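To start, the structure itself, in structure tokens.
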Amino acid sequence: MKIVAVIGAGRKSGKTTTIEALVKELSARNFEVGTIKQIHEEDFSIDKPYKDTWRHAEAGAKIVVSAAPNEVAAIKRLRDGDRFSEAMGFLEKEDLDFVIIEGNPGVSVDKILAIRDATSAADILMKVKRILFISTLSQNFDSSKFNVPVFNPLKDQIKMIDFFLNSLDK
């Protein structure tokens, strides 16, 4: 299983759009893909107070799985746990070719930089290692000063995935 992170400078950088393009094209090529969406809001919870799943966890359940007719969701409260390792624990049970993480997981993996402007890209490229390429939605992005390829995830999906797959062989 190959792990890659799509990182960016804040909201509206194009991370989700880039992941959508990657997942769509990889799935079309018969690869099995899982994703992790990192959420940085300290008080965020998918669970809602006083609902049944919340009550199960409050009573002491280590993990709560809700099973609806069309989806299954696992809720595991972290008690001083590493959220990336916990999330990977769920995905490792699947037969996946790729795991794509939205946000920096804090471990050494290849990264795709989703960015709006060239200035921000230059700053990040100086600090972050293992950037495969830049993904941008900007129509006016000057890519001439970068030593990594630049793709628009809405227009260059095929080229972006071809480059992505070829870069993994190296």
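For the sequence shown, counting from 1, position 85 maps to 84 in numbering that gives the first Met the number 0; every step adds exactly one.
Ideal Cβ placement from N, Cα and C applies to all residues, glycine included.
Since the structure is predicted, the reported quantities are computational estimates derived from the model, not experimental observations.
If you draw a straight line from the C-alpha of residue i to the C-alpha of residue j, how long is it?
{"i": "L128", "j": "M159", "result": "First, the amino acid is wrong: residue 128 is Lys here, not Leu. So the two alpha carbons sit approximately 19 angstroms from each other."}
{"i": "V22", "j": "G33", "result": "8 angstroms"}
{"i": "D94", "j": "K1", "result": "12 angstroms"}
{"i": "A120", "j": "D109", "result": "16 angstroms"}
{"i": "I123", "j": "G59", "result": "42 angstroms"}
{"i": "A8", "j": "I130", "result": "14 angstroms"}
{"i": "Q37", "j": "S143", "result": "31 angstroms"}
{"i": "E19", "j": "V5", "result": "11 angstroms"}
{"i": "F163", "j": "V149", "result": "12 angstroms"}
{"i": "N103", "j": "Y49", "result": "32 angstroms"}
{"i": "L153", "j": "E24", "result": "11 angstroms"}
{"i": "G105", "j": "A86", "result": "13 angstroms"}
Along the beta strand (DSSP E) that carries residue i, what are the first and last residues, could you check?
{"i": "E101", "result": "F97 to E101"}
{"i": "A113", "result": "D109 to A113"}
{"i": "I74", "result": "V71 to I74"}
For the alpha helix (DSSP H) containing residue i, list its first residue and its last residue.
{"i": "S166", "result": "Q156 to L167"}
{"i": "A86", "result": "R82 to L90"}
{"i": "I45", "result": "No alpha helix (DSSP H) contains I45, which DSSP labels as neither H nor E."}
{"i": "S119", "result": "A117 to K126"}
Which of helix, strand or coil does DSSP assign to residue i?
{"i": "T15", "result": "helix"}
{"i": "T34", "result": "strand"}
{"i": "S137", "result": "coil"}
{"i": "V106", "result": "coil"}
{"i": "K61", "result": "coil"}
{"i": "V3", "result": "strand"}
{"i": "L153", "result": "coil"}
{"i": "L131", "result": "strand"}
{"i": "A66", "result": "strand"}
{"i": "V22", "result": "helix"}
{"i": "A56", "result": "helix"}
{"i": "A27", "result": "helix"}
Counting C-beta neighbours from all protein chains within 10 Å, is the total for residue i 16 or more, i.e. buried, or is it exposed?
{"i": "S134", "result": "buried"}
{"i": "S107", "result": "exposed"}
{"i": "L112", "result": "buried"}
{"i": "T118", "result": "exposed"}
{"i": "N139", "result": "exposed"}
{"i": "S40", "result": "Checking the sequence, you will find Glu at residue 40 rather than Ser. Under this definition E40 is an exposed residue."}
{"i": "F62", "result": "It is worth fixing the name first, because residue 62 is Ile in this sequence and not Phe. I62 is exposed by the Cβ-count criterion."}
{"i": "V64", "result": "exposed"}
Using beta carbons (cut-off 7 angstroms, strictly below), is residue i in contact with chain D?
{"i": "A121", "result": "Of the chains in the structure shown, none is chain D; there is only one protein chain."}
Exercise for the section: Would you check if the region 41 to 58 and the region 23 to 30 touch, i.e. whether three or more CB-CB distances between them fall below 8 angstroms? Expected result: no
Handout entry: Inter-stretch contact at 8 angstroms, needing at least 3 Cβ pairs: the region 7 to 17 / the region 59 to 78
Key = no
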